[in-house]
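Student: Each residue of the sequence shown is one higher than the one before, starting from 201 at the first, in this note's numbering. Input: one structure, supplied below.
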Amino acid sequence: MRPPLPPLDGRLDRFEITVGSAVEFLRGSWEELRDVRFEMAAMPTHDRGDGIPLWRVDHLGRRVTLYRVPIERLLPKGHDDALHRRMAIESAVFHAAAEYIGREPWELGPDSRDH
């Protein structure tokens, strides 16, 4: 008998799980996002000149790329714990999705079903 697999408990695992659950919610609520690819990368490969981007929206490619390191590492002092990291990841997903469909992030929440 094989031993059980170790639990997914690394930072990368938690990032992927959090992004995946937020994207699943958004795709189930917003038809405009159903065919959009949400990808993850460690760091941006481009410089916008106005700071480090947390995500990139590509309308032509129907793709949103979330950058793990800036999302997790650019938290305010005293907020670098699992709860705040999860909130930052979910916030980035909602902000990026909102930018993609031309809405405000708070319009994508569970109480905004009047779309």
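Ideal Cβ positions, reconstructed from N, Cα and C, are used throughout, including at glycine. Here the structure is a predicted model, which means the values were calculated and not measured.
Beta-carbon within less than 6 Å of T245's beta-carbon, same chain only, minus the 5 sequence neighbours each way: which residues are those?
Tutor: For T245, where only same-chain residues beyond five positions count, there are no Cβ hits under 6 Å.
Student: Out of H279, M201, R211, which has the shortest C-alpha to C-alpha gap to R268?
Tutor: It is R211.
Student: According to DSSP, which residues form a beta bridge with E239?
Tutor: DSSP lists T265 as partners of E239.
Student: Could you give the distance in angstroms between the alpha-carbon of R237 and the alpha-carbon of G261?
Tutor: Their backbone Cα atoms lie some 9 Å apart in a straight line.
Student: The alpha helix (DSSP H) with R286 in it runs from where to where?
Tutor: 282-301
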